[in-house]
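For reference, the structure is listed below as structure tokens.
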Ligand SMILES: [Zn+2]
Ligand SMILES: [Zn+2]
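Numbering (the numbering used here), first residue to last: 2 to 425.
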């Protein structure tokens, strides 16, 4: 059971997040059950064992298993449409205790945050796009093609909405994306096991209401229409083992979200900066501030009202530059219309969700994290697909056998191989 008490946690984590102190404005509900206690310290040493990782105050990616009934949500892009070092554009990772993983939007700048999760690309093969703004799928090509050299060996599966006419739909956009990257694909075909380069595009009607668009392995995803700039934006609802995750994407407050997000454990909905801050901090005209901040998007007050109508276990506001000076005002404005459990999202915020508890923490991310190496065995590349250089380009190569030879000798000796240089 939950305590009714709201805890406002302010973390100052300068050591983890660089030189600037970070103020995290988040309301966290706490459970009544006592927290597991650590092994009592010995007389000589401070305790370094005995605390389960899941009880740590920070989340170290790749270090915590999920319980069979647990959902983990990781915010990988929470900022406004223009990326900045602290916040990428929209991207949310949902991981389930059955091993399934889902990405909701892959906006500009999020790919490095995905890589920082230490999840092998083989397991990141499902992407749901809320709409076709660049801040919601701008890193798709990087994630798609980058994944092929990081050993995604199954097609990348993408779900996205139709548009009012075919050229505004997901399928049309992704057909063009593949054409745009035809040179990139050609360079990889003969060099790597390229099975992960295939795209599996599932387009569904943007105006379908609560229809199932995904139903596998006990996980159901539905879509509902969203209202955002022109027809063709949607929101998503994922349900699994009695847990309900709702991802709004971008939307003006609408009846479909209010009706179908009800019962959500975690309901994410955009909460744009108030128009006055768009004017003072971003140089918008008053008209632009009002139109962008409260008509194309949802202002904090509108977000709060939607949450009051939905009454989720945890309401999450996202899609704004969340800083020490903006967060208090955004929070005050949300509180004009909503008094329930609230988190104002930041990149790397982590939500562990069970039927008994929703725990909100920040990740410990270091810039030196590497993407996870591949786990599955690669097939040798299909060298028949290699496109040869022209005689002109070949004529310019300096083979430098005395330099390159020892490099090959070193590898061949170390790994028992007999590989020869292409350039001789
Ligand atoms: Zn948008
Ligand atoms: Zn957006």
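In this text, a Cβ means the ideal position worked out from N, Cα and C, and glycines have one as well.
Heavy atom of ligand 1 within 7 Å of residue i beta-carbon
{"i": "residue 270", "result": "no"}
8 Å Cβ cutoff met for residue i and residue j
{"i": "residue 253", "j": "residue 224", "result": "no"}
{"i": "residue 127", "j": "residue 158", "result": "yes"}
{"i": "residue 187", "j": "residue 388", "result": "yes"}
{"i": "residue 407", "j": "residue 425", "result": "no"}
{"i": "residue 495", "j": "residue 306", "result": "Shown here, the chain extends from 2 to 425; a query on residue 495 therefore has no answer."}
{"i": "residue 91", "j": "residue 320", "result": "yes"}
{"i": "residue 114", "j": "residue 150", "result": "no"}
{"i": "residue 297", "j": "residue 384", "result": "no"}
{"i": "residue 301", "j": "residue 280", "result": "no"}
{"i": "residue 105", "j": "residue 205", "result": "no"}
{"i": "residue 322", "j": "residue 274", "result": "yes"}
{"i": "residue 162", "j": "residue 132", "result": "yes"}
{"i": "residue 98", "j": "residue 71", "result": "yes"}
Residue i: CB within 7 Å of a non-hydrogen atom of ligand 2
{"i": "residue 140", "result": "no"}
{"i": "residue 91", "result": "yes"}
{"i": "residue 136", "result": "yes"}
{"i": "residue 82", "result": "yes"}
{"i": "residue 112", "result": "no"}
{"i": "residue 203", "result": "no"}
{"i": "residue 261", "result": "no"}
Segment limits, alpha helix (DSSP H) that includes residue i
{"i": "residue 112", "result": "112–116"}
{"i": "residue 261", "result": "256–261"}
{"i": "residue 315", "result": "No alpha helix (DSSP H) holds residue 315; the beta strand (DSSP E) holding it covers 315–319."}
{"i": "residue 353", "result": "Here residue 353 belongs to no alpha helix (DSSP H); instead the beta strand (DSSP E) covers 350–354."}
{"i": "residue 137", "result": "135–138"}
{"i": "residue 276", "result": "276–283"}
{"i": "residue 178", "result": "171–181"}
{"i": "residue 290", "result": "287–292"}
{"i": "residue 408", "result": "402–416"}
N- and C-terminal bounds of the beta strand (DSSP E) containing residue i
{"i": "residue 215", "result": "212–217"}
{"i": "residue 84", "result": "Residue 84 -> no beta strand (DSSP E), and no H or E assigned at all."}
Near ligand 3: residue i beta-carbon under 7 Å from a heavy atom
{"i": "residue 285", "result": "In the structure on display, ligand 3 does not appear, and the ligands it does have are ligand 1 and ligand 2."}
Residues around ligand 1, please: the condition is that the C-beta lies closer than 5 Å to some non-hydrogen atom of it.
Those residues placing their Cβ nearer than 5 Å to any heavy atom of ligand 1 are, following chain order, 134 and 251.
Cβ contact (3+ pairs, closer than 8 Å) linking the segment 310–320 and the segment 258–271
yes
Touch check for the segment 129–147 and the segment 378–395: three-plus C-beta pairs under 8 Å?
no
Is there contact here, the segment 409–424 with the segment 225–243, by at least three beta-carbon pairs under 8 Å?
no
For the structure I just gave you, are there three or more beta carbon pairs, one from the segment 163–177 and one from the segment 214–221, closer than 8 Å?
no
So, does the segment 229–249 touch the segment 269–284, judging by three or more C-beta pairs under 8 Å?
yes
Meets three-Cβ-pair contact criterion under 8 Å: the segment 342–360 and the segment 68–81:
The segment 342–360 vs the segment 68–81: in contact.
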